[in-house]
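Here's what the structure looks like:
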């Protein structure tokens, strides 16, 4: 505690076919300004705009051009010749050139369309003559459409194109995520010189929604390229034409949506605002500003509009010349044809706003936010701070807020500007030298009053910095110039100094909430208090204690010195909590009767459990554990981040300065199996709950102990399975000479009669389990509602804990909703937007007629939402793409930041602020899923919220020792401590990842699934005799070969075990055994989804040629198979995940929503088989049991597989959710034990 001293004291398939260009004499006779309006891609793809490469471009993406600061934009290109200088890391495009993340053409393309070639994105580009390399204006290459193909080419950074509305990868590779923070998008791109440009196209009518495509395309001999950002040298040759075309696109799009659009309304739409679509926002990247009226009125722009509007009318039957905006802009004398009936729109009086195109794929509607975010009035006031659009406030405003009482006396508090003239004691307390009140210059201050003092010296440097930071400044001047504290007792010290003991409070702006904190809110600091001179008091603080069930007061109705307080803030863990009367009483019991201070009492309580205390029976107590002879205990390993040693206490010596404990060590059976396998032996079954008695004895200190575990001696599998369902439960039936056993032959049966344990402790433990079971049966499970439920990972895990029953679930995706319903038939699933569901609930509560809810998928009417009081627990995993370090498609105005932004976390502030406003306790942390039995590294931000009369759940303690580093969240006043099991905070191991169990490896997760290899097509490297011998041996070992080539003649659209299949071996690990268990307790029989997608030859050959070694990747391929990425000093680091083979003794890379070996997150090669991971293996990585079905509403096999992988990749891992459910259960049990259930608690 720092003292205060007062002043006076992935991409998806990137292929598409083209329409055949229409032959027209008129087109052939057009001047170069005329272009082809057909022959453009219809399978829309999208890539994140790339910044300019330091080693490949000339930095043009960030530079402004003429006109940025209001000067006229020069539309004509420069007259002086400029030449392109080839980059040293530039590759030549040919038929074998493959872009990272580029896969096969979809199986549903039109076979009659022209040239099935990839669609790519080209950025930091320059276009120039082939022979001279002279830069040419973009308009000049229109000539390639009329007989001059082969004259021009282009160079730039290329990336695969990703579907316009398709979700970005939502998760991060745990091993690589720290490195991604310092990498730009260009670090994952390739610089290429194109073959000759064959075609240049400007616009296209989208098949879906009849929208006008704004992109500019060039076609080389091998691919279509979407022109993104030009290089700085080429920008003057490009931006003038781009501006003309952009204005055309925005004009046509707006008029097609609003036929009666007025000129002034159109100008408003051009201004970039938070509501603007990407088509408008892009002008900031290209121009550094919005498009202005001066741009629109430019003569070159108007000429271009005239010509292109005529072409659109002829070629695409878009006739918009009757629109008022067109007539105002181009003149009343413009001739026009009668408007075609197919483009005629019904007149509307709506104010024009940009409307996104709606996808025909119902699954993609998940990503289209068409409903406003519904919030209650209290939350709405906060949401408006964060969000500038799409907020709809619903509900009864009067009942949603409370008013504060004004200063009851009506007297303005006196402010002591200088040291007081008189300080006089009033009522004395029962204890000598202590008083109940004091008179300071005529103002009475009493015990329990809250006062303001002059700021002084704060030894907490981080807090000092936060106090003075701009984001921590409040609109309330008192918060910026005063400290706040509560008088706990008044006394006179030995020197005759009049003082008071102060428990500090903090203003909301000085907490995590900073600038969004309520300007009149104070929070009690639980762990800080201090003796302060009475002379330091500045004035009385008018504070009202707000009732726990009331929402926070409205600051608009409050004076500057009208504060409210009801929660405590802990700066150590950034939590907002409330103590029960029982907790307060227990804390004050640790204080002397005349020095009652809550903070002192809490600190005394903590110290009492930190240090070991000897028990009369020869044992001792430390932290929350009681230790006795014959108890089984966890022992710290000498090395941090290690699995605990298990021992049994033989003797306790309490006569020494530090209590010494003699223990007999037990080994772990799975350690023996791992040693054998690592030495080349065959992997056999192992059990992480099986321990081995050894003859080794050690003497350790009490601080080396990390808790109690419980052991039975048994060989009965059913009894063992039931016993180990609980945490910290193990079994033993074998003995060895020492823990470092090298062979199973060294293990011997251990007679049961030699087994001993502490019968008293064991009986107490069994009684506790029975009592807790009775409590649960008596009070029942929490009735839960899951929001953003997806496929159901969170709800499934919480339900497994036994403390939650998910009765309702809301999910927007039709496929995911059907998946949830299929696997949870008793749950009412709402396939609808959460906002519409909340609006329905609010209307019902307020007695208003609620609009019926209909499912997005099948359009059937949904059941009514549950009423107030029927739901005990609400939980959900909202879309996390923008939190993810691997998401390179984050919107610029997305307030959901990634962890790398540290905690300028707007979303954390918003959630904490909203919960506090409605009277809920709240805290958050970052947890690593691998520490809770998930076989992958996946960090997640987790929030708990609880009503003030409910115990706020603790974070679950790690059960598995994770190899992934802990993430330290930086707060405004320090770092959020990681969740660890280590109780001894003085040993320098506050980030120790040690835990009772080894992390679940890939081999443990999927090693029992039927194996298969892909057939190597040997398209480039001929098959050798060695290859043939290897294939025969693998077939002999029971590994069949499947042809994975993408081909119309393939019998199945997928490769692997497409039909349900039986397991070929028994489960090898307890995790595998768990995955095979059905929800009804039986064992699963049929294995589903053990297949993957197909690929073309070059992808297959690379996958099958990557060495069968952990971590082998693209750079371990023969040079002839490498993708030309080796140029550049950091290439191997940048592209280390390309075609990367997993390590069966390590964790999965974080499961993504697509599994592509040639993607930036391509660490998806099976550790021991020549193929990528299957859908089922991805499901295993997330903890989905094998009976779990993944449903898709799509009919296309490609989209079905994409739906399945997306549902799996976006889910909360089930073992992780299970750990959260057990933590919730411990809080419930504690609450039920303390006071019983008072109604239905809401957490």
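In this note's numbering, the protein residues as written are 59 to 1301.
The beta-carbon is built from N, C-alpha and C at its ideal position, and this holds for glycine as well.
Practice task
Determine which residues share a DSSP beta bridge with residue 1145 and list them.
Solution key: 1119
Problem - Residues that residue 597 bridges to, as DSSP identifies them - result: Note: residue 597 is bridge-paired with 510 in the DSSP secondary-structure output.
Exercise for the section: Decide if residue 1223 is buried, meaning its Cβ has at least 16 other Cβ atoms within 10 Å, or exposed. Expected result: buried
Practice task
With a threshold of 16 other CB atoms inside 10 Å of the CB of residue 553, please say whether the residue is buried or exposed.
Solution key: Here residue 553 is exposed, its C-beta having fewer than 16 other C-beta atoms within 10 Å.
Exercise for the section: Kindly indicate which residue of 322, 186, 160 has the alpha-carbon position closest to the one of residue 140. Expected result: Of the candidates 322, 186, 160, the residue whose Cα lies closest to the Cα of residue 140 is 186.
Handout entry: 8 Å Cβ cutoff met for residue 344 and residue 300
Key = Residue 344 places its beta carbon less than 8 Å from that of residue 300.
Exercise for the section: Just tell me which of 434, 629, 295, 487 has its CA closest to the CA of residue 522. Expected result: 629
Exercise for the section: Determine, using beta carbons only, whether residue 843 and residue 932 come nearer to each other than 8 Å. Expected result: yes
Handout entry: residue 639 beta carbon less than 8 Å from that of residue 760
Key = no
Exercise for the section: State yes or no: is the C-beta of residue 1249 within less than 8 Å of the C-beta of residue 855? Expected result: no
Practice task
Please go through the same chain and pick out, in chain order, the residues whose beta-carbon is closer than 6 Å to the beta-carbon of residue 1126, but skip the five residues on each side of it.
Solution key: The beta carbon of residue 1126 lies closer than 6 Å to those of 743, 1065, 1066 in the same chain, with the five residues before and after it left out.
Handout entry: Inter-stretch contact at 8 Å, needing at least 3 Cβ pairs: the region 969–976 / the region 584–600
Key = no
Exercise for the section: Can you tell me the Cβ-Cβ gap for residue 1303 and residue 255, rounded? I've got them flagged as a contact below 8 Å. Expected result: For the chain, the structure presents residues 59 to 1301; residue 1303 sits outside this window and is missing.
Handout entry: Cβ pair residue 1058, residue 1050 closer than 8 Å
Key = no
Handout entry: Touching by the beta-carbon criterion (3+ pairs, under 8 Å), the region 1133–1145 and the region 1089–1102
Key = No: the two stretches stay apart, fewer than three of their Cβ pairs being nearer than 8 Å.
Handout entry: Residue of 993, 1107, 560, 1156 minimising C-alpha distance to residue 1072
Key = When each option's Cα is compared against that of residue 1072, the closest is 1156.
Practice task
Alpha carbon to alpha carbon, how far is residue 182 from residue 1266? Give it in angstroms, no decimals.
Solution key: Answer to the nearest angstrom: the Cα atoms are 36 Å apart.
Practice task
Report the option in 1060, 1135, 192 whose CA atom is closest to the CA atom of residue 1227.
Solution key: Nearest option by C-alpha distance: 1060.
Practice task
Have a look at residue 788 and residue 602 and give me their C-alpha separation to the nearest angstrom.
Solution key: 53 Å
Problem - Buried/exposed call for residue 927, threshold 16 Cβ in 10 Å - result: exposed
Exercise for the section: Give me the Cα-Cα distance between residue 981 and residue 550, rounded to the nearest whole angstrom. Expected result: 39 Å
Exercise for the section: Note down, in chain order, each residue of its chain lying with its Cβ closer than 7 Å to the Cβ of residue 296, except the 5 sequence neighbours on either side. Expected result: 196, 288
Problem - Separation of residue 791 from residue 752, as counted between CA atoms - result: 11 Å
Practice task
Could you name the residues of the same chain whose beta carbon sits closer than 8 Å to that of residue 383, not counting the 5 residues immediately before and after it, in chain order?
Solution key: 309, 312, 313, 319, 320, 321, 323, 324
Practice task
Identify, in the order they occur along the chain, each residue of the same chain with its Cβ nearer than 6 Å to the Cβ of residue 1152, setting aside the five sequence neighbours on each side.
Solution key: 1102, 1104, 1113
Practice task
Can you have a look at residue 911 and say buried or exposed, based on whether 16 or more other CB atoms are within 10 angstroms of its CB?
Solution key: buried
Practice task
Could you check the C-alpha separation between residue 830 and residue 724 for me, to the nearest Å?
Solution key: 30 Å
Problem - Cβ neighbour criterion (16 or more within 10 Å) applied to residue 539 - result: exposed
Practice task
Return helix, strand or coil for residue 1073, following the three-state DSSP convention.
Solution key: coil
Exercise for the section: Report yes or no: do three or more beta-carbon pairs, one from the region 1011–1019 and one from the region 776–783, lie closer than 8 Å? Expected result: no
Exercise for the section: Might you give, ordered along the chain, the residues of its own chain that have their beta carbon closer than 7 Å to the beta carbon of residue 1196, omitting 5 neighbours on each side? Expected result: Cβ neighbours of residue 1196 within its own chain (closer than 7 Å, five residues either side excluded): 158, 1171, 1172, 1216, 1220.
Problem - Coarse secondary structure for residue 355, derived from DSSP in three states - result: coil
Problem - Beta-carbon proximity of residue 1160 to residue 1175, cut-off 8 Å - result: yes
Problem - For residue 321, three-class secondary structure by DSSP - result: helix
Exercise for the section: Whole angstroms is fine: what's the gap from residue 275's alpha carbon to residue 215's? Expected result: For the pair residue 275 and residue 215, the Cα-to-Cα distance works out to about 15 Å.
Practice task
Determine contact between the region 477–490 and the region 519–534, defined as no fewer than three beta-carbon pairs at a distance below 8 Å.
Solution key: no
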